[in-house]
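Notes follow the structure.
Residue numbers (my numbering): 1 to 433.
Quick look at the structure:
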């Protein structure tokens, strides 16, 4: 029996986008796994903990650098792709100025926070993660809004391949150390941002066909720079909360416990991040569709996500079980010095499912233009997470960080689900009247 599968260009748009994201993220998943294993062995637990702490600070600060421009562009361009003249250029300019200023402001405090780290390494990593990466986030946000998902997949895969490439270069140099690695990391990020900009410029004729241009009159809605920053800030608040969930504990552990504790925990969390790749790809590819459905209200956005929600929950349960069963392989893969990472992964396994659910619920609220309300609850969850980390890490080490993360994740999932339920009931009541 022969089953005929239609060519990809005949698939529904959301499945085309999901397929491209799955392909790109599948490659990135394999590359990132090799990169993670090699980097953990290359740096060792202490330097890997410091590297993760510095990177965590950069990731936490990056929403302030972007000022919500990626999500703003995604939401706006998904609804009106012709209305992009000047909007993308202003988003890049805002991220460039804010990111550079923020990176310079963070350099000295972070050197005080992590006195064991080389000052040069701190500066290079902060510049790469806060300034340069924020520019690429803006570019990807615009491309996502225009449903240029293959381009986003190429960018993500290229970044992963670039990191693996510089890791191989560092091995060939036969020199180890955080400073060397930081220099290579910053250089690779700069090259990637420049190549992305050059590639987008080379597609200028095609971009003009969909209104994606850096010239022309600025749309009236975003006539004032301050207005675009203010609107973007509502998106930034939510992104800050999402990043804080993933990175705050990595920043606090080297200071409140030890660099080795941070390395053990960060290695386990990196496995969680790799395991989340497929479901994040599916949610990201559906982002523009959810925003369009959300124009009719939160009920419409939620109805659009029924199947996606079921997939997310099933995948989360499955990957949690796989991580718990496979955790014993980590010391064999990473080396005997990471023996405790296997225990940490078992503690954190449920986070892979919880984060996928809370990301989907966040996207539903964002699609329905409820980003401000969503942001309030996300900030509350961040406060809870930070408070529990400060209370539990000094006494329990990475176990305290894991407990804090799990508690805050459960709180956030329940809060966001409650917001959607209340919003749907309010709309149903209004429609009945």
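Ideal Cβ placement from N, Cα and C applies to all residues, glycine included.
Beta-carbon gap between residue i and residue j smaller than 9 angstroms
i	j	result
residue 44	residue 244	no
residue 297	residue 423	yes
residue 290	residue 309	no
residue 348	residue 264	no
residue 40	residue 262	no
residue 362	residue 414	no
residue 29	residue 312	no
residue 397	residue 75	no
residue 42	residue 167	yes
residue 403	residue 378	no
residue 288	residue 162	no
residue 49	residue 342	no
residue 233	residue 353	no
residue 193	residue 143	no
residue 60	residue 138	no
residue 32	residue 160	yes
residue 274	residue 64	no
Span of the alpha helix (DSSP H) around residue i
i	result
residue 347	339-367
residue 97	87-113
residue 395	371-396
residue 171	149-173
residue 317	306-326
residue 120	119-126
residue 278	277-285
residue 258	Segment: none, residue 258 is in no alpha helix (DSSP H) and carries neither H nor E.
residue 336	Residue 336 -> no alpha helix (DSSP H), and no H or E assigned at all.
residue 145	133-145
Alpha-carbon to alpha-carbon, residue j and residue i
i	j	result
residue 77	residue 37	38 angstroms
residue 211	residue 27	Caution is warranted here: a pLDDT of 43 is assigned to residue 211, below 50, making its placement in the model unreliable, and the coordinate value is therefore given only provisionally. Cα to Cα, residue 211 sits roughly 31 angstroms from residue 27.
residue 428	residue 235	27 angstroms
residue 359	residue 281	11 angstroms
residue 213	residue 320	At residue 213 the pLDDT is 44, less than 50, meaning the model places this residue with poor confidence and gives no usable figure here.
residue 337	residue 110	27 angstroms
residue 267	residue 345	9 angstroms
residue 121	residue 365	39 angstroms
residue 430	residue 100	47 angstroms
residue 355	residue 89	32 angstroms
residue 182	residue 327	29 angstroms
residue 113	residue 299	46 angstroms
residue 217	residue 91	For residue 217, the pLDDT reaches just 42, beneath the cut-off of 50, and the residue's location in the model is therefore unreliable, although a value from the coordinates is still provided. Their Cα atoms are separated by approximately 15 angstroms.
residue 340	residue 295	48 angstroms
residue 389	residue 165	35 angstroms
residue 103	residue 55	12 angstroms
residue 105	residue 380	26 angstroms
residue 316	residue 95	33 angstroms
residue 195	residue 154	12 angstroms
residue 70	residue 51	26 angstroms
residue 357	residue 318	13 angstroms
residue 98	residue 332	43 angstroms
residue 270	residue 374	26 angstroms
residue 394	residue 108	24 angstroms
residue 209	residue 322	For residue 209, the pLDDT reaches just 41, beneath the cut-off of 50, and the residue's location in the model is therefore unreliable, leaving the point undetermined.
residue 301	residue 158	32 angstroms
residue 228	residue 66	12 angstroms
residue 330	residue 231	44 angstroms
residue 392	residue 371	31 angstroms
residue 185	residue 133	12 angstroms
residue 117	residue 53	10 angstroms
residue 400	residue 87	43 angstroms
residue 1	residue 376	With a pLDDT of 42 at residue 1, under the threshold of 50, the modelled position of this residue cannot be trusted, and the question is left open.
residue 119	residue 252	18 angstroms
residue 246	residue 303	28 angstroms
residue 250	residue 140	26 angstroms
residue 369	residue 314	27 angstroms
Cutoff 9 angstroms: residue i Cβ touching any chain D Cβ
i	result
residue 120	Protein chain content of the structure displayed is limited to a single chain, and chain D is not contained in it.
beta-carbon residue i near the ligand FMN non-hydrogen atom, thresh 8 angstroms
i	result
residue 139	As presented, the structure is devoid of all ligands, the ligand FMN included, so that no description of it is given.
Open item on the list: Any contact between the region 116-130 and the region 162-176? By contact I mean 3 or more CB pairs, one from each, below 8 angstroms.
Closed with: no
TODO: Decide if the region 146-153 is in contact with the region 175-194; the criterion is three or more beta carbon pairs, one per stretch, under 8 angstroms apart.
DONE: no
Open item on the list: Quick test of the definition: if touching needs 3 or more C-beta pairs under 8 angstroms, does the region 375-392 touch the region 401-421?
Closed with: yes
- [ ] May I ask you to verify whether the region 189-199 touches the region 127-140, counting CB pairs closer than 8 angstroms and requiring at least 3?
- [x] yes
Task: Segment contact, 8 angstroms Cβ cut-off, at least three pairs: the region 276-290 with the region 253-263 - done: no
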